[in-house]
Each structure stands twice: as structure tokens, then as C-alpha cells.
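In what follows, a structure is listed as C-alpha cells, so that the remarks can point back to it.
2 protein chains.
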Amino acid sequence: MLKVVVIGSGNVAQHVIIAFKKAVGMELVQVFARDKNSLSHLLYTDVITSDYSQLITADLYIIAVSDYAIVDVSSRLQLADKLVVHTSGSVAMEALNDKNRKGVFYPLQTFSKNKDIDFNKVPICLEAQNTTDLELLKKVARTISENVYEIDSNQRKSLHVAAVFVSNFVNYMYQIGSEICTQNEVPFEILKPLIIETANKVMTLSPTEAQTGPAKRDDTQTINSHLNFLSDENQKEIYKLLTKSIIDNGKKL
Amino acid sequence: MLKVVVIGSGNVAQHVIIAFKKAVGMELVQVFARDKNSLSHLLYTDVITSDYSQLITADLYIIAVSDYAIVDVSSRLQLADKLVVHTSGSVAMEALNDKNRKGVFYPLQTFSKNKDIDFNKVPICLEAQNTTDLELLKKVARTISENVYEIDSNQRKSLHVAAVFVSNFVNYMYQIGSEICTQNEVPFEILKPLIIETANKVMTLSPTEAQTGPAKRDDTQTINSHLNFLSDENQKEIYKLLTKSIIDNGKKL
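So the sequence lines, in the order shown, correspond to chains A and B.
Note that our numbering numbers the first sequence so that position 6 is 6, with each residue one more than the last.
So our numbering is basically just the index in the second sequence, starting at one, shifted up by 1000.
As C-alpha cells, then:
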């Protein structure tokens, strides 16, 4: 049975821990958390340590901490020649401390507290310094997800940037939609089926095929009427830039 | 049985026709299409007319044509004091010709050819000049959807603008994500679970609660590394503006 230690207690760490607790074919033998209480709702305290010198032997150590803490945490591990991976989309594998074998175990998903995830569908992007370690990572990843990919650091960075567009920026578009609803006393509820359908469409159509709306049609009259309607300068500026981009993009095709 | 005539043969018209064909409690008695063949895959040709003088008597006439054609089509109808509605999000009810009673029957959804819709979930926003007509519109709308709303012209316009943000602009974010994947030889597939989860999150969390990512954390290092990574000026400009907006927005809260 593959033994895994998770280091971290934040958002990603917690979702990974929940996934591993359900997994068959691997064993979550220990979790490192600076504050043991932060995980008491998920784990018995005897598997949690907050002392680096107490880390036990395992096949894989997964550092699931903030990007800026990865270098520091990986240097503090009192381990040598173990397989140590981080879970970040944007940090290079090389950033991990040299005393251990390095890898990446990047679950490409948006994790929020108070929102369960079906981890089985979460793509896990793997990278390692050698084939043996990569195979071990694949084995562990496949115990929690059916979508496992081998992705190098540069590709992973591109995915991370793309994820900002299709998730963070998309969510911000939802927020502006919600603001416009509030400003006009319309329930945001009304937009929810549209939000779901817009996401569903690109499961089967390409985004280019799926594009609709006044910018796509270069419908100047509707665009101007929308710009007149918007009073918030920030909303207006975003509307203008994205409309112009969609129009220019249409002309390129 | 309520009798309905649909005027139009485009995208929206076709989805509405499909929905009405399945509906119980109303009867689609006729469809007007300039080119009868455009609907031959959906209807027997004997219910289609391309002659305004052949329009038959019905309780409701739904004009489902492009925004710019509504004024013209509604003036061509050889009818008087009938209930005539349009299906546009951005055209005022008053734009309809004065010889008939006016209303709006706006299905708030993104319609594409080659993509079926579960019409039962599509919000239908209704408006009419008097209560009797509004009740009739509600009856008809409820035969095809469980989400029926009474929305005045100004609110409808705000919904239409909000829909551009949560659907058209969102889809454009998907397109940029897809471009970045292509440029870096990563399958767009990997982003699909993230796209679905990002949409699902705002079904239960507010967009403000659901926001994640480097801009939300004001993580300058990751933001700069993303900007260095992007080589396309259009992508860069959008990344900058949306990141700045999310950061400024966080400071307002």
C-alpha cells in the first residue's frame, strides 16, 4: 500500500485530504499542520503533526501550501532522497529543495471552503524528475481522479494562466452580472440557467462556435445602447475592451 | 386551447417552436417564415406561411426575429387589436406597431444551432400593456418553462446587459483559455471540469464568495509572472484590466 503524507491545512490541502480519505490503494498516513485544530473536523489528531521532526516514512510527501511558502516548507522537511511534490500551478518543480526528489501534483480546479468537489473529475497534472517517480505519482493520482495528465512546468504554467481566464475572470464576469442585477432590482437567479448553459455549450462546441451576442454580430446599435445603460465606469471599460476584442477577433477569422 | 403563431425562422424562433411542439395546454397553429424550407426539418409545410395576408386568427403572435427587424415585421402584420409580442432582450415593448396590443416574451438563454436546450429551465421574462394580456402570456410561458418572470422594459434591458457579461464575455474568456492551450500544446479538455465547477459554484455561493485566484489575493508575483508569460497583446491587456478591477473591487469591500 502506497503511503502518503500531506503537508498543509489550507483549502487545497483539505480537499486533497478528503479525496485521499475516500481512496482505495493508498494510505494517508500523516498530515502536517501548524495548527492541529485546523484539521480536527477532518482527521483524528493522532495522524496530525505540527513538528517537522515527527514526519514519518512514506512513499510520497505532498506539499499543499501557498505558492510563496513552498520553498521554505520544502527546505524544512527533515527528509532526504524522498519523493516530495508541490500542488501549485504556477511554481516550477525546480523550486523544491534539492535534498529530495522533486515532482508536481497539481489538481487543476477552483477550490472553495464550504463547497464540496467531486475529485474524481478533477484533472491532476503530474511532473517528476524520473520515470519511476512519475509512475508512482500516476498510481497515487489515479486513486482519486480519472483525469490524470503528464504536464511539464511550462505547459503547467500555460494551464495556470488559462485557468485564470476561464475561472477567475469568468467568476468576475458573474460578479459584474450580479452587481447589475442588484442595481436594477432583478434577481440574479434569472441568470443562473444562462450561466450553466454557457459553460455546458463549450463541452461540445468550441468557444468560437459557441460565441453569441452583440459583439459577435458587430451590432453597433445594441452595443451603444448597452454602453449608455451602464453607469459604472469600471463595468463600462470592461464592456468596451471585451467587445472590441470580440469584434477584432471576428475579423481575424 | 390557446392558439399561438410564431413569426420567424432563426435561432430563437426554432428553439421556441421546438418547445411549443412539446407543450401541453397551447397549440402552435401557424409559423411565418420568409423561406418555408428553412423550417421543413421541424414542421409540416402546411402550417408554415410566407405570406402576411395568410396569417390566421390566434390568441398570441410571437415575433422572434432579429432586433433590427422587429419594427418592420410588426408593421407588416395584417392584424388589428391582437396580442403581439417580441422576444428581444434589448428592444423596448413600445417599439412594436401601435395597431396591436403589445407585449414581450423574452427567453433569457443563449441559443445556438446544433445545441439542444432544456426549455423547461429557461427563464421567460414577460411584459404586457394590461393585466389580461400578462395573464395570457404567463399561461403560454408556463406551458414551456417553469421559470416565468414579470419584468419591465428597463429591468429587461439590465438583464440583457448582465447576460452579455455572464454569457458572451464568459464565453470569450473560454476562447482565450482555448487559445492559450493551443499555443502551448495542451488539450483544452483539461480545463473543462474547471469551467463547469466555476459555473456550479455560483449556483450556491455568491460570485464574491466564489472568487479565487492571484488577483483576489493581490499576488503581485504570480500576476507579473503571468503577464511575462503572455505574448499576445490582446490577452495581456484583458489580463491587466480584469486583474486591476478585481484588486480594486477587493479594496472596496
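Here a beta-carbon is modelled for each residue, glycine too, at the ideal position from N, C-alpha and C.
Item                                                                                                                                                                              : Value
Less than 6 Å between C-beta atoms, sequence neighbours within five positions excluded: which residues of the same chain meet that for L1134 (chain B)?                           : A1128
Taking only the alpha-carbon atoms, compute the straight-line gap between V1004 (chain B) and N1130 (chain B) and give it to the nearest angstrom.                                : 19 Å
Based on the DSSP secondary-structure assignment, which residues constitute the bridge partners of Y1149 (chain B)?                                                               : B:C1125
Please identify the residue among B:K1021, B:D1035 and B:S1009 whose C-alpha is closest to the C-alpha of V1029 (chain B).                                                        : B:K1021
Quick check on Y1239 (chain B): buried or exposed, where buried means 16 or more other Cβ atoms within 10 Å of its Cβ?                                                            : buried
Quick one: what's got a C-beta closer than 6 Å to N1097 (chain B)'s C-beta in the same chain, skipping five residues either side?                                                 : S1074 and S1075
Taking a Cβ distance cut-off of 9 Å, strictly less, list which residues of the stretch 1056-1075 of chain B are near chain A, in chain order.                                     : S1066, D1067 and Y1068
Using 10 angstroms around the beta-carbon of V24 (chain A), count the other beta-carbons present and answer buried if the total reaches 16, otherwise exposed.                    : exposed
Run down chain A in chain order and give the residues with a C-beta less than 7 Å from the C-beta of F1105 (chain B).                                                             : Here the premise fails: no neighbours, minimum Cβ distance about 15 Å.
Can you tell which of B:K1082, B:S1038 and B:T1049 has the C-alpha that lies nearest to the C-alpha of K1099 (chain B)?                                                           : B:K1082
For H226 (chain A), decide whether its Cβ has a neighbour in chain B, counting only Cβ atoms nearer than 8 Å.                                                                     : yes
With the cut-off set at 8 Å, would you say L227 (chain A) and K216 (chain A) are in Cβ contact?                                                                                   : no
Could you tell me the distance, in whole angstroms, from the CA atom of K1138 (chain B) to the CA atom of C181 (chain A)?                                                         : 22 Å
Among residues of its own chain, excluding the 5 on either side of I124 (chain A), which ones have a beta-carbon nearer than 6 Å to its beta-carbon?                              : P107, A141, S145 and V148
Which of the three DSSP states is assigned to M1 (chain A) in this structure?                                                                                                     : coil
Within the same chain, show all residues whose beta-carbon is closer than 8 Å to that of G10 (chain A), passing over the 5 residues directly before and after it, in chain order. : A64, V65 and S66
Provide the residue(s) that pair with K99 (chain A) in DSSP beta bridges, ordered along the chain.                                                                                : For K99 (chain A), which the question treats as bridged, DSSP gives no partner whatsoever.
Does the beta-carbon of A1215 (chain B), which I'm using as the reference point, lie nearer than 7 Å to any heavy atom of the ligand GTP?                                         : Among the components of this structure there are no ligands whatsoever, and the ligand GTP is therefore not found.
Shorter than 8 Å from the beta carbon of I1018 (chain B) to some beta carbon of chain A?                                                                                          : no
Just to confirm, is the Cβ distance from K115 (chain A) to L1194 (chain B) under 8 Å?                                                                                             : no
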